[in-house]
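>
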Amino acid sequence: MAALRLETCHIACSANRTPNVVSWGRGGTIAFGTCHSIALYDPQERRVLSMLNGHTARVNAVQWVHKEDGAPETHLVSGGTDSRLLLWAAHNGKFVQSVQCKGHTGAVCAVDALYAGASILVASAAADSSVRLWLCGDANEAVCLHSLTFGSGFVMDVSLALLPSTKVPVLACGGDDSRVHLFVQSQEKLRRVMTLQGHEDWVRAVAWTSVGGELLLASCSQDCLIRVWRLRAKSGHGAHSEGDRDDGVIKMKEDVFGVEEQDEERVFAVALETVLAGHENWVYGLHWQPPSYKGGERQENLSLLSASMDKTMILWTPDQASGVWTEQVRVGEVGGNTLGFYGCQMSPNACVILAHAFHGALHMWRKDAGSGEWRPGVALSGHFNAVQDLSWDPEGEFVISVSSDQTTRLFMPWRTEPAGRPRPTWHEVARPQIHGYDMQCLAALGRFRFVSGADEKVLRVFQAPRNFVENFANISGMSREELLASGDCAQLPEGASTPALGLSNKAVFQGDPAASSKGGEKFSGVSDQYQESYFHPINMTEPPPEDHLLQNTLWPEVQKLYGHGFEMFCLASDSGGTVVASACKASKAEHASVLLWSASTWRQLQALPCPALTVTQMAFSPDAAMLLPTAVTFCPQLYFDNSYLLAVGLECGRIIVYGWRPGGDRAGGQDWIRYGETDPSQSHTLAIKRLRWRPRAGRAGVPEERAWLQLASAGADHAVKIFDINTEAL
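By the numbering used here, the letter at position 273 of the sequence shown is numbered 548, and the numbering carries on one by one without gaps.
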């Protein structure tokens, strides 16, 4: 009998909240750290290609090792809170861990790398106040060439390049002393050659680029400014020159330094090129436009992308005639409760720009080929903390999940993808609940209704508004009339909004003045001084961007359930959505009761005493006649030989699928068969919190395929994963 194979259908995840955690490769693949893993995301296919699992703590920095000819990268460098630096190499179409660099005693926060012959030169900065230079060779070994210490200070970012017309590496370090330090490699050691001053607060990012045989270094700071420095080769010798006149042109002050290469003294000069002022808050990220290649020749494109905590990205370019740098494009987010952008990246063709935010969301803008305007694009999204629970809707068309990031999210397949793709891709299309407490559990009650519990004593019931049902039909390709006729939708509110300083989503009906702006009104109370998240009806034909998810996809709260004395922990509902069972945290047996609620009247039906303490999970039998506290999930369909499929999630993140044949030889152990499990690249990196089979055979978003099953998993590693299982292999 062939082993059962689990194919990864979708991974919903978000970027870690560190500035250097996203890198866009010249081959088009975006690599970013998510919890303890590295996700390789294809923005064209709009799906995660694979997950690289190797770190044992949060991944803080990720960087592709770019090739001189612009070919797709074959090496990737990552650093994590586990103090380790990992080099990944492409092998048979997959990236595997190649070299591990050990030496740092604190979290690695920044990395950069370049090719040095057949080896790779890697620079890393860590929370142990050190910067290290590594040489990774073909023998899968790493040698620490040099270690720099900065006393009680910290280096926020590092960037490597080669000095013009040489093979000598130059390293730029931006630190909390408001300075940019330049080091060159001399006899495998790093020597400080210059300190660039001018910033008035921590330097958050530094980045080199090569143009016209010279180097440009961009640095950004918490002083809200960006400085661009030019490094060029200089003939002759001298230690300092300022205000030089050459052919009647006044030049900026230059600082010079010498480098010896092959017994020849080379002199280089550094001068301030420009200061860019446009952001209104800390500038965290910088990214130069990648070079393009035409006919095998390198085409240098000079533009700089910056990202700030003011929730904007700016694209800067110099005027060809005057050389003055100006702002060309500004994009960003307005409103919401986000804190701003941590970093930015530009696609290889410079037609797409990307930012990642404090809450892990990827914000993407695409340049319209016709009008030249920049428009928000569809990007990957997911939870930024442990996913505690999830549930399929009764028809198996979408998944709802709750997380310790205090949000409830809805994921579904997008059926209206461009032609030529064999299958739809999954996306987050709604964020029904944005709460003030960590979410813990939920249970679906029909297609467009659910109940959720958080670290509070109250259960909350939500129902989809009309605007969501209409957009759900547009995105899924289903009939809007049939969906609206499937339930009591005549009195559905248009949407929902969150009142200022409130936790409950308030229903918004057509013509409701609450949906309009309160601009110009006088404050009548303390709560009116805080901005309210107002709902605006939108017509979506594709998954919404992050700002719409935050503001325009909330579901109204229709009921609160009181009865538990402690924080909620688990929920369950029967297959018909008529009864809800709930349990809370309990330190004593008398508090461990399971409460049963009627989903029609929302009255408490019964309190079931439990002999144990906190009930961790519950499940109703298919006929709703029994309620069982267990932590496994059976597939709802019977398969060959009347066998059941059982999925088990482990604390290590692995998922195992067993088959149970009721008529098997129990004494000989033949009634249980182990069919298969997830491989290391598919598995979660932390404990699995919940597993759910799709309630019907087939795959969501594609025509009925009885031979396929889908399994959804929620992990403490912030990920929601959906697996496809082909039962014909059995």
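Think of the CB as a built atom: it goes at the ideal place given N, C-alpha and C, for glycine as much as any other residue.
1) Kindly indicate the opening and closing residues of the alpha helix (DSSP H) around D822.
2) With DSSP collapsed to three states, give me the class of V599.
3) Alpha carbons only, please: which of V323, C927, V445 is nearest the one belonging to S485?
4) Roughly how many angstroms lie between the CA atoms of A847 and L903, to the nearest whole one?
5) For L637, which of S679, G449, A382, V297 has the nearest alpha-carbon?
6) Could you compute how far the alpha carbon of A729 sits from the alpha carbon of T683?
7) Let me make sure I understand the geometry here. Which of W872, F841, A864 has the alpha-carbon closest to that of D849?
8) Check whether the stretch 650 to 670 touches the stretch 964 to 982, taking contact to mean three or more Cβ pairs, one atom from each stretch, closer than 8 Å.
9) So R755 is in the beta strand (DSSP E); what residue range does that whole segment cover?
10) Taking F747 as part of the alpha helix (DSSP H), name the residues at either end of that continuous run.
11) Just the C-alpha distance for A987 and S958, rounded to the nearest angstrom, thanks.
12) Which of the three DSSP states, helix, strand or coil, is assigned to E865?
13) To which residues of the same chain is P699 closer than 6 Å at the C-beta, ignoring the five residues directly before and after it?
14) Let me make sure I understand the geometry here. Which of E926, Y919, D992 has the alpha-carbon closest to that of Y933?
15) Hey, F633 and I675 are a contact pair by Cβ (cut 8 Å); roughly how many whole angstroms apart?
16) Here's a check: name, in chain order, each residue in its chain whose Cβ is nearer than 6 Å to the Cβ of E821, leaving out the five neighbours to either side.
17) Does the beta-carbon distance from C626 to L580 come in below 8 Å?
18) Report all residues from its chain with a CB closer than 8 Å to the CB of G795; omit the five preceding and five following residues, and keep chain order.
19) For H515, I'd like the list of residues in its chain whose CB is within less than 6 Å of its CB, leaving aside the five on either flank, ordered along the chain.
20) Once the 5 residues before and after C845 are set aside, which same chain residues still bring their CB inside 7 Å of it?
21) For G487 and P707, what's the separation of their Cα atoms in angstroms?
22) Between the Cα of K781 and the Cα atoms of N827, N746, N814, which residue gives the shortest distance?
23) State buried or exposed for P955, treating a residue as buried only when at least 16 other CB atoms are found within 10 Å of its CB.
24) Using the three-state DSSP reduction, which class does V613 fall into: helix, strand or coil?
25) Quick one: is N335 buried, meaning 16 or more other Cβ sit within 10 Å of its Cβ, or exposed?
26) Taking 8 Å as the cut-off, does the stretch 283 to 291 touch the stretch 303 to 320 (at least 3 CB pairs, one atom from each stretch)?
27) Contact check, G449 vs V468 under 8 Å by CB: the rounded distance?
28) Please classify S751 as buried or exposed, where buried requires at least 16 neighbouring CB atoms within 10 angstroms.
29) May I ask you to report which of helix, strand or coil DSSP gives N576?
30) Kindly examine the ligand ATP and report whether one of its heavy atoms sits closer than 7 Å to the Cβ of I1000.
31) Three or more C-beta pairs closer than 8 Å, one from the stretch 526 to 535 and one from the stretch 565 to 578: is that the case here?
32) Can you tell me whether R301 is buried or exposed, with buried defined as 16 or more other CB within 10 angstroms of its CB?
33) May I ask which residues mark the beginning and end of the beta strand (DSSP E) holding E672?
34) Can you have a look at V418 and say buried or exposed, based on whether 16 or more other CB atoms are within 10 angstroms of its CB?
35) I'd like to confirm the pairing. Which residues does DSSP put opposite A229 in its beta bridges?
36) Tell me the rounded alpha-carbon separation between W479 and L492.
So, from the listed chains and residues:
1) 821 to 826
2) coil
3) V445
4) 10 Å
5) V297
6) 11 Å
7) W872
8) yes
9) Counting along the chain, R755 falls outside any beta strand (DSSP E), though it belongs to the alpha helix (DSSP H) covering 755 to 760.
10) 741 to 751
11) 12 Å
12) helix
13) P688, W689, R690, E692, G976
14) Y919
15) Contact doesn't hold; Cβ gap of about 24 Å is too wide.
16) A636, H638
17) no
18) Legend: pLDDT at G795 = 39, less than 50; position of this residue unreliable, no value from coordinates given.
19) The predicted position of H515 is uncertain, since its pLDDT is 46 and thus under 50; a value taken from the coordinates is nonetheless stated next. Closer than 6 Å at the Cβ level, and outside the excluded window around H515, lies no residue.
20) C716, A858, V890, T891, Q892, M893
21) 52 Å
22) N827
23) exposed
24) Note that residue 613 is Thr in the sequence shown, not Val. Three-state result, T613: coil.
25) buried
26) yes
27) Contact doesn't hold; Cβ gap of about 16 Å is too wide.
28) buried
29) coil
30) Summarising the ligand content, the structure contains no ligands, and the ligand ATP is consequently not present.
31) no
32) buried
33) Where E672 is concerned, there is no enclosing beta strand (DSSP E), given that its DSSP letter is neither H nor E.
34) exposed
35) Since the first residue of the chain shown is 276 and the last is 1005, residue 229 is not available in this structure.
36) In the sequence as presented, Trp is not what sits at residue 479; that position holds Arg. R479 and L492: Cα-Cα distance of roughly 13 Å.
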